[in-house]
Amino acid sequence: MKRGLFVPLAAGLLVLLFVCVHTIARLGLSDWRIDTSQDKLFSISAETRAILRDLKQPMEAELYLSRQALADDPIMRAHGERVRDMLQLYAAASGGLLEVHERDPAAFSPVEDAALKAGLTPIPGPLPDDPPAYLGLVLKNVAGRNLVLPILDPAAAGNLEYDLSRAINQLERPQRTRISLITGLPWLVRTDPITGQTRPVARMVASWMDTADLTALAPDFRAIPERTDVLIIAQPNPLTPEQQFAIDQYVLAGGRVLLFLDPASMVAQDGGGGPRSATEALGPLISAWGFAVQGDVIADRAYALPVETQISGRKAIAPQPLIFQIPPSGLNQQDAVTAGLPRGIHIATPGQILALGQGKAQITALLTTSQDTTRLDATRALSGLSPQDVELDWQSARQAEMIAARITGQWTTAFPSGNPANPTSGFTKVSVKPGEIIVFGDVDLLADSLYLGPDGEAADNARLIQNCLDVLTGQTRLLSIRARSPTPRPLVVVEKLRQAAQTRILEEQQVLESRLALAEARLADIEARAAARDALSQSLGTREIDQARQEVLATRARLRAVQEGVRQDVAGLKNQLIGICAALVPFVVLLVGLIVHLRRRPRRKLVWS
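Right, dumping it as structure tokens:
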């Protein structure tokens, strides 16, 4: 072959090969893909495939996607494409039982009318005159039931598979979980005085009611409703012996309980309302179940969350040991309840769960503090202590504390004499079948303010409680899917640097306050004896006061230097990261290319020679 024809012919063959491979891939390999993302966000899990395989009746998924209206929004456009691709994966895995249809609801079209009638949420355009856009899903089955996802928010893109699988599972199995709730917290739920229906106040409760029928029991309840799947007891007011007996009989019958008993509810103290302490509300029940909730509060210095505080009259950020975040290392990764929660759990002023070692119950720790903890009186913990105050009271226990546990087994009644209101009636004395209780020594973790931030969820509190409900009701498939949500990637070095600097600031603050107290005491002593002093002693006293003031000013200057050092250290580290990304990586690529080029040059000379 002539050398001049080789290059054009090779190029033509490569183009032909590319076209053939591309055509074959589109025709026969459209459902094949390799998901190289760390969290496998572009594939579906084995649990989702199992849900789709178990479908008994055909379903139709109508995806309302405004193509033109969302074309100028790159985030919404990319999310819409991902939703479309994910639904195609679902359809392929369903064996033909799930059909996907895409609709484009243009402005003032019949398709837009159908979207509004179905209950989809319009997305307003960037300008007042822009038509609204839609990105939602309507699921239908042959039985005539519909389920609507009004908006598929890109902010919740990490939960897309869970949201889709939960909706399909809910449509396939319409029977809803029944939850009974006993609580004294007005910031959790409220009961409509006219209809008597339970209305959610906390966002977490609203999410429970999306998939379950929740009933808040009246303060004077006398029995647990029949067919209750899960009984939630969250910081109740003191219960009567008759009410305690009703709970006792429910548990002995094999009932499931989700329990929140807080020795010092910070949300209740700060104006949320409800009982501040509930460790004694259940009377003899918790000891009969084999555990206790201590009345003291646990503070954790290693896991402390940063809060705004006052240092020398100026606003500053400092770690507050009374409010802390339990990281994944403090969660039981072997238990389905707490596995796969990468953002950790936010906790405030919790109490310790103590195993009593009696009965046949098995207690498994779910949440554990660090070893840098201390105990505080519950009343003092709710007195508005600053981080500096907590540090002054610190007496390290040097041991990790259990603040949430899962208890399974069989129990004997806490009321051997029977119903206190009717001792002659029959009652259950021992467990008919094994029961299960999940207990938390904190109730503030349910509050919106503890885990929700301006950009959404800052911790996995809501996922943790939903995991509890799924485990207690046996819905473990959805639990596994929810655990596939994206893992956050915090700047660990930056956070450690900031936390260390905040600790240094607190130490400087303590020294400053001590010196201020000494100076004020000296000043008071000088003023008290002012009448008895001569001119020389007054001059010496004035000189002493000036020295104390100079010392205070010098300490304030050192404190400002520490604060400025924090900013400089963090800024310097960020500049280093920017430099690495902007210069080092391209330099490494260039260096590798140069090495490859130099190694290939002798070979070329040898061939041509």
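In my numbering, the protein residues as written are 2 to 610.
Ideal placement from N, C-alpha and C gives every residue a C-beta, glycine not left out.
Being a predicted model, the structure only gives us computed values, none of them experimental.
Extent of the continuous beta strand (DSSP E) run through residue i
i	result
serine 181	178–184
leucine 620	For residue 620 there is no data in the structure shown, the boundaries of the chain being 2 and 610.
leucine 138	136–142
asparagine 147	147–150
Test item: CB-CB of residue i and residue j under 8 Å
i	j	result
aspartate 394	glycine 352	no
aspartate 373	arginine 302	yes
alanine 70	glycine 120	no
glutamate 173	lysine 57	yes
alanine 289	leucine 262	no
threonine 216	threonine 196	no
proline 194	alanine 379	no
leucine 367	alanine 305	no
leucine 66	leucine 136	yes
leucine 140	alanine 168	yes
Outcome for residue i when other beta-carbon atoms lying within 10 angstroms are tallied against a minimum of 16
i	result
cysteine 469	buried
serine 110	exposed
glutamine 551	exposed
valine 16	exposed
proline 341	Just to set this straight, residue 341 is glycine in the shown sequence, not proline. The residue is buried, with at least 16 neighbouring Cβ atoms inside 10 Å.
proline 226	exposed
proline 106	buried
glutamate 82	exposed
isoleucine 579	exposed
serine 166	buried
asparagine 423	exposed
aspartate 211	exposed
threonine 24	exposed
serine 418	exposed
phenylalanine 292	buried
threonine 375	buried
Option nearest residue i by Cα separation, candidates the options
i	options	result
aspartate 443	Asp336, Pro276, Asp471 and Thr409	Pro276
proline 322	Thr350, Asp336 and Arg344	Thr350
isoleucine 408	Leu377, Ser418 and Gly358	Gly358
leucine 253	Lys361, Leu56 and Arg104	Lys361
histidine 347	Pro132, Gly331, Leu90 and His102	Gly331
serine 181	Ala203, Ser44 and Trp209	Trp209
valine 268	Ser450, Leu232 and Arg104	Ser450
glycine 97	Pro75, Asp55, Leu117 and Arg478	Asp55
glutamine 334	Gly454, Thr369, Asp164 and Leu306	Thr369
alanine 144	Thr380, Glu61 and Ala235	Glu61
glutamine 236	Leu585, Pro435 and Val440	Val440
alanine 300	Met403, Gln250 and Pro329	Met403
arginine 228	Gln363, Ile438 and Arg179	Arg179
arginine 177	Gly475, Leu592, Val593 and Leu599	Gly475
methionine 87	Leu64, Asp73 and Ala72	Leu64
Span of the alpha helix (DSSP H) around residue i
i	result
lysine 118	111–119
valine 391	388–393
isoleucine 45	Premise fails: isoleucine 45 is in no alpha helix (DSSP H) and is neither H nor E.
phenylalanine 246	242–253
valine 206	204–212
tyrosine 452	449–452
Span separating the alpha-carbon of residue i from that of residue j
i	j	result
isoleucine 318	glutamine 244	45 Å
glycine 427	alanine 224	15 Å
valine 112	asparagine 142	20 Å
valine 258	arginine 68	47 Å
valine 590	asparagine 576	21 Å
phenylalanine 325	glutamine 389	15 Å
valine 84	arginine 78	10 Å
threonine 184	alanine 247	15 Å
valine 231	glycine 256	7 Å
isoleucine 233	isoleucine 466	11 Å
leucine 480	valine 472	8 Å
alanine 398	arginine 483	36 Å
alanine 158	glycine 13	43 Å
glycine 436	proline 133	51 Å
leucine 537	glutamine 311	Confidence at leucine 537 is low in this model, with a pLDDT of 49, below 50, so the placement of that residue is unreliable and no value is reported for it.
glycine 272	serine 384	13 Å
tryptophan 188	asparagine 238	14 Å
alanine 611	leucine 283	Given a span of 2 to 610 for the chain in the structure shown, any question on residue 611 remains unanswerable.
proline 343	isoleucine 327	10 Å
threonine 241	serine 44	52 Å
proline 123	glycine 410	50 Å
isoleucine 354	arginine 381	20 Å
alanine 92	aspartate 214	30 Å
arginine 50	glutamate 309	47 Å
leucine 592	glycine 573	26 Å
Test: residue i CB closer than 8 Å to a CB of chain C
i	result
leucine 56	Among the chains in the structure shown there is no chain C, since it carries only a single protein chain.
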